[in-house]
Structures are given as structure tokens and as C-alpha cells.
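Novice: In my numbering, each residue carries its 1-based index in the sequence shown increased by 7. Take a look at the following structure, please.
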Amino acid sequence: MSARGRRGPLIASGVVASLLIVAALLVVRFAGSSSASVSEPAAALPAPASPAFGIPEPRPLGDLRHVARWSTVTRAVSVRAAPRANARPIASLDTQTPEQTANVVLVEDRAEDGEGGLWILVRIPALPENRTGWVPRSALGASEFVRTRLVVDLVGLDATLLADGRPVFKAEIGIGKPAWPTPTGEFYVRSRIRSLSAFYGPLAFGTSARSEVLTDWPDGGFVGIHGTSEPQLLPGRVSHGCIRMRNADILRLGKLMPVGTPVTIH
Numbered sequence: 008m009s010a011r012g013r014r015g016p017l018i019a020s021g022v023v024a025s026l027l028i029v030a031a032l033l034v035v036r037f038a039g040s041s042s043a044s045v046s047e048p049a050a051a052l053p054a055p056a057s058p059a060f061g062i063p064e065p066r067p068l069g070d071l072r073h074v075a076r077w078s079t080v081t082r083a084v085s086v087r088a089a090p091r092a093n094a095r096p097i098a099s100l101d102t103q104t105p106e107q108t109a110n111v112v113l114v115e116d117r118a119e120d121g122e123g124g125l126w127i128l129v130r131i132p133a134l135p136e137n138r139t140g141w142v143p144r145s146a147l148g149a150s151e152f153v154r155t156r157l158v159v160d161l162v163g164l165d166a167t168l169l170a171d172g173r174p175v176f177k178a179e180i181g182i183g184k185p186a187w188p189t190p191t192g193e194f195y196v197r198s199r200i201r202s203l204s205a206f207y208g209p210l211a212f213g214t215s216a217r218s219e220v221l222t223d224w225p226d227g228g229f230v231g232i233h234g235t236s237e238p239q240l241l242p243g244r245v246s247h248g249c250i251r252m253r254n255a256d257i258l259r260l261g262k263l264m265p266v267g268t269p270v271t272i273h
């Protein structure tokens with residue numbers, strides 16, 4: 008065979024070998040790429056955004072036996088004997104007290120009328136004592152809550168403030184003389200007033216209680232709790248119906264007793 012004849016098969020064999028090598032390289036490269044794509048982890052996802060606010064765990068309201076609710080009178084309104092607009096009016100409420108402070112009422116209950124209107128049973132500063140009546144919810148502001156109660160003992164001549172049912176304050180007092188007795192019953196603190204004069208001491212609380220004797224007094228004979236310029240008279244029956252305390256005691260009470268506090272006088 009000539010040299011040219013022998014070169015043909017050699018070239019063909021070389022081409023085939025080259026093609027096999029290229030194919031093998033491609034297989035290895037493809038396999039390597041595939042293995043890398045499987046074994047390499049994907050890029051980590053970003054962390055979730057922090058919530059704008061957290062929802063706290065629900066908590067029990069606690070013991071409600073010592074909680075009282077009150078509201079501000081936001082418009083002049085008639086107090087009615089039943090929770091409906093055509094019920095008999097028994098009193099009226101203004102938005103301010105005689106001392107020009109916001110008028111407040113103690114909330115006792117609630118009910119709906121036949122048309123779905125909401126009515127609130129409130130304790131009112133009117134004679135006869137311990138009176139309650141109904142006003143539309145729309146005449147009152149937001150509800151406020153207190154956990155205090157003042158208990159006035161006319162026999163023991165002392166006053167005790169309870170917080171969550173426990174005594175946190177006690178002081179000797181002066182009360183009304185026999186001719187002008189301090190009224191008894193369930194009332195509440197309507198206002199807090201800085202000193203009007205030295206006679207009333209440095210601080211006074213207005214209450215919803217009213218004298219049943221001094222009805223012709225200015226502003227209707229409301230009963231207050233205040234200091235005194237005559238501490239030597241306490242304890243005793245020394246007033247026209249108001250409850251007097253020594254000035255140091257009324258200032259101490261002022262730090263503990265908020266407006267809306269129920270007052271029991273017995």
C-alpha cells in the first residue's frame with residue numbers, strides 16, 4: 008500500500024479519536040455543572056420584616072368588685088325615670104358644677120330602648136338623696152374608671168379611703184351639727200377645688216351629696232370635703248353638713264382620691 012493510501016485511515020482514526028475526546032470532555036463538563044447546580048445552596052431569602060406592632064397576650068381584667076365608672080356630662084340633658092325619650096323627667100344635668108368645674112356622674116347601669124338607643128343609669132346630685140335616673144349615652148363623654156371608695160363614719164367621726172377594697176388612708180373628721188346633719192347614703196366626688204379661703208383649708212372636694220336642711224344656701228347646699236382653719240375642733244359635730252379634715256389630712260387625701268370616687272356616708 009502506498010503512503011497516501013495508508014494516511015487516509017490514520018486521518019480518519021485521528022478524527023474519530025478527537026471527536027470522542029471532545030464528547031467526553033462535554034459530558035464531564037455537563038455532569039460537573041449539573042452536580043454543582045444541585046449541590047450549591049440557593050441564595051438565602053431575606054429575613055421577614057419586623058411587625059409594626061405586637062399583639063400582647065390577653066390579660067384578665069382582675070377583680071371588678073372595687074371598680075367604679077364615671078363620665079363627664081358633655082351637653083345639658085334631662086334625667087328621666089326610665090330609659091326612653093318619652094319617660095318622665097326627674098332632674099336636669101348641666102355641663103358644669105356650681106364651682107365651674109366639669110360636671111360628672113357616677114355610672115350605675117345601661118339599657119337599650121325599643122329603638123336601639125343606648126341609655127345610661129347615673130347617680131345624680133339631686134334631692135332626695137341617693138337618686139338615680141337615665142340619660143342618653145350621647146350626652147356623656149368617655150367612661151373613666153376608679154378603684155377607690157371613701158367611707159365616712161358619722162358615729163366614729165372618721166373617714167377611710169379604700170383602694171381595691173383595702174384601707175390606704177384614715178383621718179378624724181368634723182361633721183354636721185345636729186341642726187344641720189351630714190346626709191347619709193351613696194354619693195361620689197364631683198370636683199376637686201383648690202383653696203377658696205383659709206376657712207376651707209388648702210383643698211376641697213365637691214360631692215354629689217346635698218343638705219336636706221340648707222336647701223336655700225347658694226348653689227343648693229352641696230356637701231363638701233375640705234380642710235379647716237380650726238383644727239382644734241376635730242373630731243366633732245362642728246359644721247353645717249360638710250366634712251372637715253385637718254389640713255395635713257386633706258392634702259394627704261388629695262394625693263390618693265381622684266374625681267369619680269364613690270362616697271359612702273353612714
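Where a beta carbon is used, it is the ideal one built from N, C-alpha and C, also for glycine.
Take Ala149 as the anchor and find which of Ser78, Thr268, Leu221 has the nearest alpha-carbon.
Specialist: In the sequence shown, the residue the question calls residue 149 occupies position 142. It is Ser78 whose Cα lies nearest to the Cα of Ala149.
Novice: With three or more beta-carbon pairs closer than 8 angstroms as the criterion, would you say the stretch 132-150 touches the stretch 170-184?
Specialist: no
Novice: Residues in its own chain within less than 8 angstroms of Arg117 by CB, not counting five upstream and five downstream?
Specialist: To locate residue 117, count along the sequence shown from 1; it is residue 110. Around Arg117: Leu125, Trp126, Ile127, Leu128, Arg144.
Novice: Just list the beta strand (DSSP E) runs in the stretch 168-235, keeping only unbroken ones of 3 residues or longer that don't cross its boundaries, in chain order.
Specialist: Taking only runs of at least 3 residues, the beta strand (DSSP E) segments lying wholly in the stretch 168-235 are 173-179, 181-183, 192-201, 210-217, 229-233.
Novice: Drop a sphere of 10 angstroms on the beta-carbon of Asp101, count the other beta-carbons inside from all chains shown, and report buried for 16 or more, exposed for fewer.
Specialist: What you label residue 101 is simply residue 94 of the sequence shown in a count that begins at 1. Looking at its Cβ environment, which holds fewer than 16 other Cβ atoms inside 10 Å, Asp101 is exposed.
Novice: Around the C-beta of Val175, are 16 or more other C-beta atoms found within 10 angstroms, so that it is buried, or is it exposed?
Specialist: Within the sequence shown, the letter at position 168 stands for residue 175. Its Cβ having fewer than 16 others within 10 Å, Val175 is exposed.
Novice: Once the 5 residues before and after Ala88 are set aside, which same chain residues still bring their CB inside 8 angstroms of it?
Specialist: For the purposes of this step, residue 88 is identified with residue 81 of the sequence shown, where counting begins at 1. Answer for Ala88: Ala94, Arg95, Pro96, Ile97, Gly140, Trp141, listed in chain order.
Novice: Between Ile131 and the rest of its own chain, which residues show a CB-CB distance below 8 angstroms, the 5 nearest in sequence each way excluded?
Specialist: As a working note, residue 131 is residue 124 in the sequence shown. If we look at Ile131 and ignore the five residues flanking it on each side, its Cβ neighbours are Val86, Ala98, Leu100, Val112, Arg138, Thr139, Gly140, Ser215.
Novice: Is it buried or exposed, His273, if we count other Cβ atoms within 10 angstroms and call 16 or more buried?
Specialist: Here the question's residue 273 lines up with position 266 in the sequence shown. Exposed, by the Cβ-count rule.
Novice: Comparing alpha-carbon positions, which option in Phe212, Leu157, Val74, Val84 lies nearest Glu193?
Specialist: Reading the sequence shown from its first residue, position 186 is the one you call residue 193. Of the listed residues, the one whose Cα sits closest to Glu193 is Leu157.
Novice: From Pro188 to Val270, what does the alpha carbon distance come to, in whole angstroms?
Specialist: Residue numbering aside, residue 188 sits at position 181 when the sequence shown is read from its first letter. Residue numbering aside, residue 270 sits at position 263 when the sequence shown is read from its first letter. Taking the straight line from one Cα to the other gives about 16 angstroms.
Novice: Mind listing, in chain order, the continuous beta strand (DSSP E) runs of no fewer than 3 residues lying wholly within the stretch 109-174?
Specialist: 111-119, 125-130, 139-143, 151-153, 155-160, 165-170
Novice: What separation, rounded to the nearest whole angstrom, lies between the Cα atoms of Gly213 and Glu119?
Specialist: On the sequence shown, position 206 is the one that residue 213 refers to. On the sequence shown, position 112 is the one that residue 119 refers to. The straight-line gap from Cα to Cα measures roughly 31 angstroms.
Novice: With distance defined between alpha-carbon atoms, name the residue in Arg244, Leu241, Pro242, His233 nearest to Arg259.
Specialist: As a first step, residue 259 is located in the sequence shown; it is residue number 252 there, counting from the start. The candidate whose alpha carbon is nearest that of Arg259 is His233.
Novice: Mapping the DSSP letters down to three states, classify Leu258 as helix, strand or coil.
Specialist: Here residue 258 corresponds to residue number 251 of the sequence shown, with the count starting at 1. Helix, per DSSP.
Novice: Between which two residues does the beta strand (DSSP E) containing Arg91 stretch?
Specialist: What you label residue 91 is simply residue 84 of the sequence shown in a count that begins at 1. Per DSSP, Arg91 belongs to no beta strand (DSSP E) and is neither H nor E.
Novice: For Arg201, count neighbouring Cβ atoms within 10 angstroms of its own Cβ and tell me buried if that reaches 16, exposed if not.
Specialist: Working through the sequence shown from its first residue, we reach residue 201 at position 194. The residue is exposed, with fewer than 16 neighbouring Cβ atoms inside 10 Å.
Novice: Based on the DSSP output, what are the partners of Gln103 in its beta bridges?
Specialist: Taking the sequence shown and counting its residues from 1, one reaches residue 103 at position 96. DSSP, once it has assigned bridges, lists Ala109 as partnering Gln103.
Novice: I need the boundaries of the beta strand (DSSP E) containing Val245, first residue and last residue.
Specialist: To locate residue 245, count along the sequence shown from 1; it is residue 238. Where Val245 is concerned, the enclosing beta strand (DSSP E) stretches over 243-246.
Novice: Determine the contact status of Val245 and Gly181, defining contact as a CB-CB distance below 8 angstroms.
Specialist: Counted from its first residue, the sequence shown places residue 245 at position 238. Counted from its first residue, the sequence shown places residue 181 at position 174. Yes, the pair counts as a contact, with Cβ atoms nearer than the cut-off.
Novice: Quick check on Gly123: buried or exposed, where buried means 16 or more other Cβ atoms within 10 Å of its Cβ?
Specialist: As a position in the sequence shown, residue 123 is number 116, starting the count at 1. Exposed, by the Cβ-count rule.
Novice: Give me, in chain order, the residues of the same chain whose beta-carbon lies closer than 6 angstroms to that of Arg76; leave out the 5 immediate sequence neighbours on both sides.
Specialist: Here residue 76 refers to the residue found at position 69 when the sequence shown is read from its first residue. In chain order, Val114, Ser150, Phe152 place their CB closer than 6 angstroms to the CB of Arg76, counting only its own chain and leaving out the 5 sequence neighbours on each side.
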